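Chains as they are written, first to last, in the numbering used here: chain A, 9 to 379; chain B, 982 to 1622. Where is the CB? At the ideal position from N, CA and C, for every residue including glycine. Fair warning: this is a prediction, and the values are worked out from it, not measured in the lab.
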Amino acid sequence: MKFTITRDNLQQGLASVAASIPTRTTLPVLSNILIEADGAGVRMSGTDLDIAVSLQVAADVEEEGALTVPAKKLQELARELPENPVRISTKADRFELACGRASFKLNGMPRDEFPTFPAVDFHDAWKLSGQVLSTLIHQTSFAVSTEESRPILNGVLWQLGDREMRMVATNGHRLAVMKQAVNFPGAGRVDLIIPPKALAQVERLFAGGEEIEVGRSENHLGFRQGGTRIFTRLIEGPYPNYEQVIPKDNDKHADADKAGLIQALRRMSVVASEQTHRVRLSFNPGLLRFSVESPDLGEAREELEIDYQGEPLDIGFNAAYLLEVLRYIPTAEVHLTFKAPERAATLEPVRPEGESGPDYLCLVMPLRLLE
Amino acid sequence: MLTRTEQIPQALQSMPRRIHVLPDTLANQIAAGEVVERPASVVKELVENALDAAATRIEVSIQNGGKTEIRVADDGCGMGRDDALLALDRYATSKIARPEDLKGVRTLGFRGEALPSIASVSRLTLETAEPGSVGTRVRVAGGRVLGAEDCARQTGTTVLVQSLFFNVPARAKFLKGAGVETRGIVDILSTLALANLSSAFLLQSNGRTLLELPAAVDLPTRVADLWGDEIARRFISVQLQREGVSVAGLVERPDVVSPTPRRAHLFVGGRPFRDRFLIAALDRAYRTTIVQGLRPSALIYLDVPAGAVDVNVHPSKAEVRFRDRDLVEGTVEAAVREGLAGLDSAATLDATPAMPQIRRLTTEPRGGGVPDNQLAFFVAGARRGEPPPDEDAAAGGAVVPLDEAVAADAVPEPEGPPSLWQLHDTYILAESRSGLLLIDQHSAHERILYEQLMRGFGSTPHGPDGVRPEAESGSVAAAAVGEDGEDEVDVGRSGGVASQRLLFPLTLRLSPAEYTVVEDAMVLLRRAGFEMEPFGGRTVIVHAAPQPHPYFSPERCLRDMLAELAGGSELTRAARNQHERIAMTFACKGAIKAGQRLSPREMQELFDRLFATELPYHDVHGRPTVVRLSLQELERRFGRT
Chain A
9 MKFTITRDNL
19 QQGLASVAAS
29 IPTRTTLPVL
39 SNILIEADGA
49 GVRMSGTDLD
59 IAVSLQVAAD
69 VEEEGALTVP
79 AKKLQELARE
89 LPENPVRIST
99 KADRFELACG
109 RASFKLNGMP
119 RDEFPTFPAV
129 DFHDAWKLSG
139 QVLSTLIHQT
149 SFAVSTEESR
159 PILNGVLWQL
169 GDREMRMVAT
179 NGHRLAVMKQ
189 AVNFPGAGRV
199 DLIIPPKALA
209 QVERLFAGGE
219 EIEVGRSENH
229 LGFRQGGTRI
239 FTRLIEGPYP
249 NYEQVIPKDN
259 DKHADADKAG
269 LIQALRRMSV
279 VASEQTHRVR
289 LSFNPGLLRF
299 SVESPDLGEA
309 REELEIDYQG
319 EPLDIGFNAA
329 YLLEVLRYIP
339 TAEVHLTFKA
349 PERAATLEPV
359 RPEGESGPDY
369 LCLVMPLRLL
379 E
Chain B
982 MLTRTEQIPQ
992 ALQSMPRRIH
1002 VLPDTLANQI
1012 AAGEVVERPA
1022 SVVKELVENA
1032 LDAAATRIEV
1042 SIQNGGKTEI
1052 RVADDGCGMG
1062 RDDALLALDR
1072 YATSKIARPE
1082 DLKGVRTLGF
1092 RGEALPSIAS
1102 VSRLTLETAE
1112 PGSVGTRVRV
1122 AGGRVLGAED
1132 CARQTGTTVL
1142 VQSLFFNVPA
1152 RAKFLKGAGV
1162 ETRGIVDILS
1172 TLALANLSSA
1182 FLLQSNGRTL
1192 LELPAAVDLP
1202 TRVADLWGDE
1212 IARRFISVQL
1222 QREGVSVAGL
1232 VERPDVVSPT
1242 PRRAHLFVGG
1252 RPFRDRFLIA
1262 ALDRAYRTTI
1272 VQGLRPSALI
1282 YLDVPAGAVD
1292 VNVHPSKAEV
1302 RFRDRDLVEG
1312 TVEAAVREGL
1322 AGLDSAATLD
1332 ATPAMPQIRR
1342 LTTEPRGGGV
1352 PDNQLAFFVA
1362 GARRGEPPPD
1372 EDAAAGGAVV
1382 PLDEAVAADA
1392 VPEPEGPPSL
1402 WQLHDTYILA
1412 ESRSGLLLID
1422 QHSAHERILY
1432 EQLMRGFGST
1442 PHGPDGVRPE
1452 AESGSVAAAA
1462 VGEDGEDEVD
1472 VGRSGGVASQ
1482 RLLFPLTLRL
1492 SPAEYTVVED
1502 AMVLLRRAGF
1512 EMEPFGGRTV
1522 IVHAAPQPHP
1532 YFSPERCLRD
1542 MLAELAGGSE
1552 LTRAARNQHE
1562 RIAMTFACKG
1572 AIKAGQRLSP
1582 REMQELFDRL
1592 FATELPYHDV
1602 HGRPTVVRLS
1612 LQELERRFGR
1622 T
């Protein structure tokens, strides 16, 4: 293998792939990056066996070939190189790099030891805007569970239908769901459960408006745009019936200023229990009262004017959950609904007149309040 | 009042009666039956007399386990000839004079029975001399005074007891082998030596030295002289004063408590006594810090106001009676628990842990030539042979605050927040003022959750009050139902345990035994944060669960808890009642697991909350949460010393 590449192309390719390469692994070759040179240019690939990222970069290829090299070292090296063309070649398992008057030799490992990528069929691929997909990912994947006893909840549910797609994530305490109109005639409905790590790569590499292709095989999903590909293992379902838990009969409605809510909750959090972050919200006509009582620490109270006309309601929440959800509400005003102190509350963006956007709903389960 | 020696024989002669008063020698022999059982009891009585005579050095030598000969020599105040003769009379004593004295008795003996009793069952020679006068030698055999003569002797008293029980063959027959009797003497002298630190003791058996104890500056020194340095380093000091009751002493560090028989010594006012209820209080204080069933060693020194204890319950004074037993037991328990909350109670990697740090009480200057036997532990008022000083001096004035270095180390945190390091996703390393702390993240979190839930239940995690003792089996459900009304009130007031509603309720199918546990403990489980209801068959549905940490799985925790509660385990058997059982199993199953990577913030929170608990160094299984390594040990290992 022998090729010449600009320093910037090398850096960009390495940076795109590096995030998929595990820092600690029992399989040494996984900490390497696979570099392949052929007629089309140079392809760099990395994987942690759950997800794989592969990227084509422009290069002047003199001799085709492939080798894997330690990703971290190569990336550190690329970062320090002067802005000169980089000449790369291999001799057996030795990787050689020259740039300006500097030259380096790194010990590589042959391509055979590198895991092969899953075969994903892009023939019947869904085609959609990378920007739309990234928004869905961004607005929902924060809500996935970090606790490992229910692997299903460690994934993000992506439901694709003929006219609508949805993305849903929850940890069993709060949930985020976003809907987007699409047009996939005759595709039928498909439920995919995807590790959020893979979606983070998608969001990172495909945030632009270009159309991306999404193809699947039995257990894997592939994303493709231009020379960049992301493959991920799918989590096996079924996903819990989230639609059933989204309340339809919440009869208490409030509209509040998001910034005001966030600031008050942040102040309450200072005094709230470090473990439960419990804060009490008392909704009264026109007024929301916050209060926190931590036996070991003290108390906090605050009031916020809101638009609320229902019966008075006292409800407890984990302030951290509320704050997190509020952070993702894309509008300045937020619409909240409630039924009772032990029932789910919902939060939705309030879009100004004339503006429209994807349907977005967050749900937060309350904490039990004890008198 | 008749005096026995003159009037009774007369009466016997003049009027034949079937009932008569026993002659003195026989009465003494009978009294000896209570006081003098074995050579060890002779040693005890004679050494106590020596201590009451303010001896600073007491030498005991025995032959053939004391059966042939016991010699006790002291450098005490001695006696004149008249006193020496009178001392051999029953109820002759210098220690009390009026009935009121009995209440405030501070001397070891006072009944005036010991010496005549011993004399009545042996051949006894008493040599004694007061300062600056000629000595007296009195010889007695079987209670008959054979003669009194002058002798040359330094100030002090020597009692030689030979041929014990020569005139009571029935009793002589019950004496055990010389080895056993010797051990009895070693034990009794050890106990007396632990009670009297500033006196030196020597014990020789057939010319061989068994104990050689120089006057000790404090209890750890005496313990080290007695049982060896290594044993002394296994102890930590405890001290507490409450409502006039002062408790001081040494108790065993929980991590070194072993299944071997314990050394438990109790003293009140410097007097050894037995009391299984106080030992039970000690064991209660150790709850959760050691494996259930282990018996920690302890030396507990009590001091109570005059009149608060009756020592005249038992002829050999082995038992005492406290006026306010609950207060004494409570103070002992609280003192030990307070000791177990300190850093020095934590397990250590040190090859030679530090000697226990005694909080020194001031001692008054020696007055009137009476040696001060109460150097280290006792409040000044406890000094024998003197009236107790007023309460204020005993309670406050005499106590010197904790040694500065010890106080500083009580808080393991150095200046600023300690930097914490996670080792193998299992242990947290922290710097302390005196070295390094290794914290087991799971054990630490267990301790936190246990105390938190017990408080949520409205009980102190360790106090005797709060939780009623376990009702008989079968009534747990009834008790739980009975508490239903106060349920929410309790938890609300104490902050309780928060319960997070679940978006997807858990449906658990249970075994019959597990289902019974849920039925019985529904209310407590609810107060622990698990809100559930029966769902037909043996299925329950869980609507809400606590969330003790972000990696918590309610399903796994609840399933493990129910399995353990249904199946029983060492932990559930160690619990005193259902509250503890639920709290312990929840702590054990709900705590952060080993192998869980923690962020620096999470480590910090765990660290802070651990050291806010009552017993931060011990988890609920009786295992350590913290193992410490001192700088001294590191210096030793690196050859810096």
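Between residue i and the rest of its own chain, which residues show a CB-CB distance below 6 Å, the 5 nearest in sequence each way excluded?
i	result
residue 1236 of chain B	1328, 1605
residue 1334 of chain B	1214
residue 198 of chain A	168
Contact criterion: CB-CB distance below 7 Å. Does residue i meet it with respect to chain B?
i	result
residue 253 of chain A	yes
residue 181 of chain A	yes
residue 33 of chain A	no
residue 354 of chain A	no
residue 274 of chain A	no
residue 299 of chain A	no
residue 157 of chain A	yes
Apart from the five residues just before and just after residue i, which ones in its own chain have a Cβ nearer than 7 Å to its Cβ?
i	result
residue 1270 of chain B	1235, 1321, 1596, 1599, 1603
residue 1159 of chain B	1045, 1046, 1048
residue 192 of chain A	134, 168, 170
residue 1569 of chain B	1427, 1552, 1601
residue 209 of chain A	27, 28, 59, 61, 238
Quick check on residue i: buried or exposed, where buried means 16 or more other Cβ atoms within 10 Å of its Cβ?
i	result
residue 1041 of chain B	buried
residue 1437 of chain B	buried
residue 113 of chain A	exposed
residue 162 of chain A	buried
Terminal residues of the continuous alpha helix (DSSP H) containing residue i?
i	result
residue 230 of chain A	Premise fails: residue 230 of chain A lies in the beta strand (DSSP E), 228-233, not in any alpha helix (DSSP H).
residue 1246 of chain B	Looking at the DSSP string, residue 1246 of chain B is not in any alpha helix (DSSP H); the run it does join, the beta strand (DSSP E), is 1245-1249.
residue 1538 of chain B	1535-1548
residue 1242 of chain B	Element bounds for residue 1242 of chain B: n/a, residue is neither H nor E.
residue 1616 of chain B	1612-1618
residue 39 of chain A	No alpha helix (DSSP H) holds residue 39 of chain A; DSSP gives it neither H nor E.
residue 1213 of chain B	1210-1213
If you measure from the beta carbon of residue i to each beta carbon in chain A, is any gap under 7 Å?
i	result
residue 1431 of chain B	no
residue 1476 of chain B	With a pLDDT of 42 at residue 1476 of chain B, under the threshold of 50, the modelled position of that residue is not reliable, and no figure is offered here.
residue 1265 of chain B	no
residue 1596 of chain B	no
residue 1490 of chain B	no
residue 1537 of chain B	yes
residue 1422 of chain B	no
residue 1507 of chain B	no
residue 1467 of chain B	Any reading at residue 1467 of chain B must be qualified, since the residue scores a pLDDT of 37, below 50, and its modelled position is unreliable; the value itself is stated next. So no, residue 1467 of chain B is outside the interface.
residue 1485 of chain B	yes
residue 1545 of chain B	no
residue 1581 of chain B	no
Check whether chain E comes within 7 Å of residue i, counting only Cβ atoms and requiring the distance to be less than that.
i	result
residue 286 of chain A	Annotation note: the requested chain E is absent from the structure, which comprises protein chains A and B.
At what residues does the beta strand (DSSP E) containing residue i begin and finish?
i	result
residue 61 of chain A	59-65
residue 367 of chain A	From DSSP, residue 367 of chain A is part of no beta strand (DSSP E); its letter is neither H nor E.
residue 238 of chain A	236-241
residue 103 of chain A	102-107
residue 1512 of chain B	1512-1515
residue 322 of chain A	321-326
*Report yes or no: do three or more beta-carbon pairs, one from the segment 1268-1285 of chain B and one from the segment 1221-1232 of chain B, lie closer than 8 Å?*
yes
*Segment contact, 8 Å Cβ cut-off, at least three pairs: the segment 1053-1066 of chain B with the segment 1136-1154 of chain B*: yes
*Would you call the segment 362-371 of chain A and the segment 333-341 of chain A in contact, with 3 or more CB pairs under 8 Å?*
yes
*So does the segment 1111-1123 of chain B actually touch the segment 1022-1033 of chain B, counting three or more Cβ pairs closer than 8 Å?*
no
*Evaluate the contact criterion for the segment 114-127 of chain A versus the segment 201-209 of chain A: three or more CB pairs, one atom per stretch, below 8 Å.*
no
*Contact between the segment 1299-1310 of chain B and the segment 1266-1280 of chain B: three or more CB pairs below 8 Å?*
The segment 1299-1310 of chain B is not in contact with the segment 1266-1280 of chain B.
*Per the contact definition of three or more C-beta pairs closer than 8 Å, is the segment 300-312 of chain A in contact with the segment 244-261 of chain A?*
Of all C-beta pairs linking the segment 244-261 of chain A to the segment 300-312 of chain A, fewer than three are shorter than 8 Å, placing the two stretches out of contact.
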